[in-house]
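Student: The following block contains the structure, expressed as structure tokens.
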Amino acid sequence: MAHEALAEHCLELFAPLGKARARRMFGGQGLYVDELFIALIADGRLYLKTHEATRQAFADAGGQPFVYAGSKHKPTVVMSYWTPPAEALESPALMTPWARLAMAAALAARKPAKSPRPVRSTASRKRGTSSRDDVGPATPRTRSQTDKPRSRKT
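The sequence shown finishes on residue 1037 if you use my numbering, and the numbering steps up by one all the way, no holes.
Right, here's the structure in full:
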């Protein structure tokens, strides 16, 4: 199956899980469900996202990891994407449990959202205060005995 045809077929398989879409990437396709990146298509094969808790299920079902040639320092790179069982490609009902595992892995891999920085109020900006004013009084700087006054060139 060509990438485009396989991507369309997979989108139909993922449709019961949410809004599915495909996006070209690195000579293949990235597959999303509800904007969650759960799968990729490379070399005419579907690979679903895995993590520590789900990887063994894919291995036990005969799945293969997505592997590509890396640099001379790291010649082979094994990614956290595995093929589902071949029969899962036959229907949405057979694909759904595997796609749910991929969704769980993708959710677990998400980085937590950064908390927004506190916004200074307009009043504090007008007064000329800042959050540093809450730290306490500053120690005045004094010139030590070893500091020599700078001479001015005229």
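Here a beta-carbon is modelled for each residue, glycine too, at the ideal position from N, C-alpha and C.
Using CA coordinates, which residue listed in A888, H892, F897, A925 is at the minimum distance from M986?
Tutor: M986 has its Cα closest to that of F897, out of A888, H892, F897, A925.
Student: Please state the DSSP three-state secondary structure of A903.
Tutor: Strand.
Student: Helix, strand or coil: which one does DSSP assign to A952?
Tutor: Residue state, collapsed to three classes: strand.
Student: Report the CB separation of T966 from L929 in whole angstroms; it is logged as a contact under 8 Å.
Tutor: Correct: roughly 7 Å between the Cβ atoms.
Student: In whole angstroms, what is the alpha-carbon distance linking A989 and T933?
Tutor: The alpha-carbon atoms of A989 and T933 are separated by roughly 8 Å.
Student: Anyone know if the C-beta pair for L894 and A888 falls short of 7 Å?
Tutor: No, the pair does not count as a contact, with Cβ atoms beyond the cut-off.
Student: Check the DSSP bridge columns for R928 and list the partner residues they point to.
Tutor: In the DSSP output, where bridge partners are listed per residue, R928 has A925.
Student: Assuming Q939 is part of the alpha helix (DSSP H), what are its boundary residues?
Tutor: Here the alpha helix (DSSP H) through Q939 covers 938 to 943.
Student: Check whether the Cβ of R907 sits closer than 6 Å to any heavy atom of the ligand MN, and report yes or no.
Tutor: Absence of the ligand MN from the depicted structure is noted, as is the absence of any ligand whatsoever, leaving it without description.
Student: V960 and P948: beta carbons closer than 7 Å?
Tutor: Not a contact, by the Cβ cut-off of 7 Å.
Student: Apart from the five residues on each side of it in sequence, which residues of its chain come closer than 6 Å, Cβ to Cβ, to Y915?
Tutor: If we look at Y915 and ignore the five residues flanking it on each side, its Cβ neighbours are R904.
Student: Under the rule that 16 or more other beta-carbon atoms within 10 Å means buried, what is G927, buried or exposed?
Tutor: With fewer than 16 Cβ atoms within 10 Å of its Cβ, G927 is classed as exposed.
Student: Are the beta-carbon atoms of G913 and L900 separated by less than 7 Å?
Tutor: Contact: no.
Student: Could you spell out the range, first to last residue, of the beta strand (DSSP E) harbouring L914?
Tutor: Its beta strand (DSSP E) spans residues 911 to 916.
Student: From the DSSP output, read off the bridge partner residues of W965.
Tutor: Looking at the DSSP assignment, W965 forms a beta bridge with L931, P948.
Student: Measure the C-alpha to C-alpha separation of H956 and A971 and round it to an integer number of angstroms.
Tutor: The straight-line gap from Cα to Cα measures roughly 36 Å.
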